Structure formats: structure tokens, C-alpha cells
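Quick notes on the structure that follows.
Protein chains: 2
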Amino acid sequence: MDKQAPRQTVPRLSAAERRQETLGAAAEVFAQHGYHGATTDRIAREAGISQAYVVRMFGTKEQLFLAVIGQSLDFILDEFRKALPGDESSRSERLGAAYIRLAEQRGVHLPLMHAFAMGSDPVIGAAARAGFVRLLKFLLEEAELAPDEADGFIARGMLVNTLMGLRMEMDPDPAGNQLAERVLRKPRPATHAR
Amino acid sequence: MDKQAPRQTVPRLSAAERRQETLGAAAEVFAQHGYHGATTDRIAREAGISQAYVVRMFGTKEQLFLAVIGQSLDFILDEFRKALPGDESSRSERLGAAYIRLAEQRGVHLPLMHAFAMGSDPVIGAAARAGFVRLLKFLLEEAELAPDEADGFIARGMLVNTLMGLRMEMDPDPAGNQLAERVLRKPRPATHAR
DNA sequence: GTCTATAGGGCGATAGAC
DNA sequence: GTCTATCGCCCTATAGAC
Numbered sequence: 792m793d794k795q796a797p798r799q800t801v802p803r804l805s806a807a808e809r810r811q812e813t814l815g816a817a818a819e820v821f822a823q824h825g826y827h828g829a830t831t832d833r834i835a836r837e838a839g840i841s842q843a844y845v846v847r848m849f850g851t852k853e854q855l856f857l858a859v860i861g862q863s864l865d866f867i868l869d870e871f872r873k874a875l876p877g878d879e880s881s882r883s884e885r886l887g888a889a890y891i892r893l894a895e896q897r898g899v900h901l902p903l904m905h906a907f908a909m910g911s912d913p914v915i916g917a918a919a920r921a922g923f924v925r926l927l928k929f930l931l932e933e934a935e936l937a938p939d940e941a942d943g944f945i946a947r948g949m950l951v952n953t954l955m956g957l958r959m960e961m962d963p964d965p966a967g968n969q970l971a972e973r974v975l976r977k978p979r980p981a982t983h984a985r
Numbered sequence: 792m793d794k795q796a797p798r799q800t801v802p803r804l805s806a807a808e809r810r811q812e813t814l815g816a817a818a819e820v821f822a823q824h825g826y827h828g829a830t831t832d833r834i835a836r837e838a839g840i841s842q843a844y845v846v847r848m849f850g851t852k853e854q855l856f857l858a859v860i861g862q863s864l865d866f867i868l869d870e871f872r873k874a875l876p877g878d879e880s881s882r883s884e885r886l887g888a889a890y891i892r893l894a895e896q897r898g899v900h901l902p903l904m905h906a907f908a909m910g911s912d913p914v915i916g917a918a919a920r921a922g923f924v925r926l927l928k929f930l931l932e933e934a935e936l937a938p939d940e941a942d943g944f945i946a947r948g949m950l951v952n953t954l955m956g957l958r959m960e961m962d963p964d965p966a967g968n969q970l971a972e973r974v975l976r977k978p979r980p981a982t983h984a985r
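Have a look at this one:
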């Protein structure tokens, strides 16, 4: 008879690799269900490991969530920094395009959106405010947007988050889809029929 | 000995009154904790009744949440309609002011914000999309805003929601508070020092 | 109209083995 | 580095009395 694939006794992944993979799975699950709606068990299944191991790696579900939103912030700020150099007059357009590009993985903006709604939580709320202020200060100080430019930019970003959270592409009514297209419109590819 | 206040055998409130009061309590609790984070027990204590009675009145926690977001939408659309008549050029300013006035009770915008993040939920997500589209259509059809005006208006509204969700007034950093002041600024009262 | 009691299920975290 | 097993809590919903 064929033997079952033997249980390896050597670690299949290093600690760092496993941690990174689990973080990615957690980001997706938190994106879809929010902090309270997500379960460590679902994250574990998504990552292909046991529930107990998820908790053991990160200590608590709360710390795991904090790690996820920290990662989201890093992704966003990294992409923003890459989009900075260039013509000043189109800087905020480049930043906006970078933000929308990141929306291709739901695991970036949506965990942050959930965190932004949790201001009353003593731990997560404080982290969420700190993260939001970090983004705001980047826009004002590093990207050198004027205050009202920065406000408008962030407002548009929050609308992007909302459209993602709503899964607006599922809606039967065309009005929502049209708005989503206007807001999320990507630089048209070369095939632009006219 | 003094007798304890005797248990009344007559109902203390009519069904409609009790329902209304419970709905208000639920709105506050869902605002603070979100759908999954809120418990029917906490809503009950806030409303001064038993947990079982909350469930009995609304059937399930999910139906209670749907009732709350339906009520939020009604509040918003009612206030918007009251703000419509008047000079056309300042219409969107009046609508914005009405939106911000409603932000004085957290129970209006925040339950909706939480719903807007739950697009993957088959029941609540569908209701959230329908509600969002209703708001959008109001702006386009009844308030007759141009599409890009409507987009900007909604974006600003989502930023207002975010600042409320974050409880930005709790943040130690002045940058966030300054943004919140710019965005939430109300029509200055007569005492405008200069 | 409203309560108490409780069933029933799920979840985070810990213990301990390999 | 990773698993299985399990404890103990919390939470929604139901049953049934007044």
C-alpha cells in the first residue's frame, strides 16, 4: 500500500517565515470579518496550521491584530514613499494611485478600516489613532501637501476603504458600481477604445 | 418596615415605546462595539431590561442590528430632506452641516460605518450596500448634485465617520485634533473673536 | 409585557507531548 | 516548531412562569 506522506520531524518553515505567512492569513481574515468577527481558528485554517499555534506565535488575538495593522501601515507608507519623487503638481495623484494599487489585496486597507472604527477600545483604539496620525503627518510633512489637500486626500481614501468594505462590486444596482468605477478608476491601459 | 417598591403588574411601557427605547440603546452599543463586539446583554443593561427580552422583542441580534441601521438611514435622509430647500449654490454645504449635526449622537453614523465594513456578510452586507446606494441616489436624484460633487460629499462623510470611529478627540497628538476641527467645524457661533 | 433560568455552542488560551 | 486535547468563559436563544 501507499504510505501516507510521513510527518516530517524537522520544522517545515523557519520561525520568521511561518510568522510572515500567518500574518498574511490573519490580514485576510480580519479584513473580511473584523476584529471581533474573526476567529483564531479560521486564521489557523487559512494559514494551514493549528489554532493553538497561532495563539502561541503571537501571544493573544489582540497582539496578532496589532501586528496586522502595523504591517498594513508599513505597506502603505512604503508605497507612498516610492511614489513621492517626481513632478510636484501631480504628487497627490501618484499617491492616490499607489493607495488604489494596494487595494488589490483586501488585507491592507480593510484591517485598518476596522481598527479605525474601534476607537473606544483602550488598546486597539490607541493604536488606530496613532496609525491614522502617522499617515496624516506623512501627507503633511513628507509629502508636503497643504492641509486642505491632505484632508481631501484622506477623505477619498476613506471612501475607497468604504467601497472595499461594502464589496460594492456585489451590488445589483448600477449606481454604486458607477461610483466605485469613478473612485477606483485605475490609469487606463493602452487599449482605450474611442 | 418599609416595603420594597412593589413590582407593578401593569406594563410599564407600551410595546412601541419600549421598542423605541431599546433601539436607541442598541444604536449606542453597536456604535461603540460594532456588530460582533456588541452583546445583547450589554444592550439590555443599557436599556434597563433583561437580555432575554431584547432578543424576544427583535427576534435575533442580527434583526436588531438591521433595525438600528434602518433607523440611522431614516434619521439621515430626514435631516437631508429638511436641508434641501434654499439657495442651490450652498445646498451641499447645508447637507454637510446636517450630517455633522447628526454626529452629536454617535448612534447614527457609527452603526452604519460598521455595517459598511461588513460587505462579506450575506445578510448585513446586502443591507449595507442597499443603504449606501440609497444615500448616493438621494444625493444624485433628489439633491441633484453632479456626480463628482456627490463623490466628494460622500468621501467627506466617510472621513467624518472615521474621525468619530477613532474617537479622535482622545488622541494626544494635536495633528489629528486639528484635522478633526477642520472637518467637523460647525458654523461658528456669534462670538467669533478676530 | 417582562423576568429568571438554562440549554447549547463557540472561542481564546493553556498544558503537555513529540 | 508544531500538534492534540481540553478547560473555562461568554454569548445567543429558548422555555416557561408571573
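Residue numbers (our numbering), protein chains in the order written: chain S, 792 to 985; chain V, 792 to 985. Just so you know, even glycine gets a beta-carbon here, dropped at the ideal spot from N, CA and C. These numbers were taken from a predicted model, which means no experiment stands behind them.
Let me check understanding here. Comparing Cα to Cα, which of V:R925, V:L855, V:D939 lies closest to S:E745?
Because chain S spans 792 through 985 in this model, residue 745 of chain S falls outside it and cannot be assessed.
Considering Cα atoms alone, identify which of S:I840, S:D878, S:V951 is closest to S:E935.
Residue 935 of chain S sits at position 144 when you count from the first residue of the first sequence. Answer by Cα proximity: S:D878.
Among V:L868, V:V820, V:R809, whose alpha-carbon lies nearest the alpha-carbon of V:R847?
As a first step, residue 847 of chain V is located in the second sequence; it is residue number 56 there, counting from the start. The candidate whose alpha carbon is nearest that of V:R847 is V:R809.
Give the straight-line distance between the Cα atoms of S:A874 and V:L814, rounded to the nearest whole angstrom.
Counting from one through the first sequence, the residue named residue 874 of chain S turns up at place 83. Counting from one through the second sequence, the residue named residue 814 of chain V turns up at place 23. If I take the Cα positions, the gap works out to 47 Å.
Let me know if S:R920 comes out buried or exposed under the rule of 16 or more other beta-carbons within 10 Å of its beta-carbon.
For the purposes of this step, residue 920 of chain S is taken as residue 129 along the first sequence, with counting starting at 1. Here S:R920 is buried. Its C-beta has 16 or more other C-beta atoms within 10 Å.
Return yes when the Cβ of S:Q823 is within less than 9 Å of the Cβ of S:A829, no when it is not.
As a working mapping, residue 829 of chain S is identified with position 38 in the first sequence. As a working mapping, residue 823 of chain S is identified with position 32 in the first sequence. Yes, Cβ-Cβ distance for S:A829 and S:Q823 is below 9 Å.
Exposed or buried, S:P902, counting other C-beta atoms within 10 Å across all chains shown (16 or more means buried)?
Residue mapping note: residue 902 of chain S aligns to position 111 of the first sequence, counting from 1. With 16 or more other Cβ atoms within 10 Å, it is buried.
Can you check whether the C-beta of S:G815 is within less than 9 Å of a C-beta belonging to chain V?
In the first sequence, the residue the question calls residue 815 of chain S occupies position 24. So no, S:G815 is outside the interface.
Is it right to say V:T851 is buried, meaning 16 or more other beta carbons lie within 10 angstroms of its own, or is it exposed?
For this step, residue 851 of chain V is matched to residue 60 along the second sequence. By the 10 Å Cβ count, V:T851 comes out exposed.
Could you give the distance in angstroms between the alpha-carbon of V:G916 and the alpha-carbon of S:D962?
Start at 1 with the first residue of the second sequence, and residue 916 of chain V comes out as number 125. Start at 1 with the first residue of the first sequence, and residue 962 of chain S comes out as number 171. Each residue's alpha carbon lies about 10 Å from the other.
On the three-state DSSP scale, how would you describe S:S883?
Residue 883 of chain S sits at position 92 when you count from the first residue of the first sequence. Looking at S:S883 - three-state DSSP - the assignment turns out to be helix.
For a test of the three-state rule: what should DSSP assign to V:L927, helix, strand or coil?
Translated into positions along the second sequence, residue 927 of chain V becomes position 136. Three-state result, V:L927: helix.
If we ignore side chains and look at the alpha-carbon of each, how far apart do S:F907 and S:R925 end up?
Stepping through the first sequence from its first residue, residue 907 of chain S is reached at position 116. Stepping through the first sequence from its first residue, residue 925 of chain S is reached at position 134. In a straight line, the C-alpha of S:F907 is about 13 Å away from that of S:R925.
Is the number of C-beta pairs between the segment 941-954 of chain V and the segment 947-958 of chain S that are closer than 8 Å three or more?
yes
Below 6 Å CB to CB, which residues in the same chain sit around S:R897 once its five sequence neighbours on both sides are set aside?
Position 106 of the first sequence holds residue 897 of chain S. Result list for S:R897: A822, in chain order.
Under three-state DSSP, which class holds V:T830?
Your numbering for residue 830 of chain V matches position 39 in the second sequence. Note: V:T830 maps to coil in three-state DSSP.
Chain S partners of V:T953, CB-CB under 7 Å?
What you label residue 953 of chain V is simply residue 162 of the second sequence in a count that begins at 1. The contacting residues are F907, M949.
Return yes when the Cβ of V:G910 is within less than 9 Å of the Cβ of S:M909, no when it is not.
Translated into positions along the first sequence, residue 909 of chain S becomes position 118. Translated into positions along the second sequence, residue 910 of chain V becomes position 119. Going by C-beta atoms, S:M909 is not nearer than 9 Å to V:G910.
Once you ignore the five residues that flank S:L975 on each side, which residues in its own chain have a CB closer than 8 Å to its CB?
Along the first sequence, one-based indexing puts residue 975 of chain S at 184. I891, A894, V951, L954, listed in sequence order.
Examine chain V for any beta-carbon lying closer than 9 Å to the beta-carbon of S:Q969, and answer yes or no.
Position 178 of the first sequence, counted from the start, is the residue given in the question as residue 969 of chain S. By this cut-off, S:Q969 is an interface position.
Quick one: give me the first and last residue of the alpha helix (DSSP H) that V:I860 is part of.
Sequence index remark: in the second sequence, residue 860 of chain V carries index 69 (1-based). Segment 852-874, the alpha helix (DSSP H) holding V:I860.
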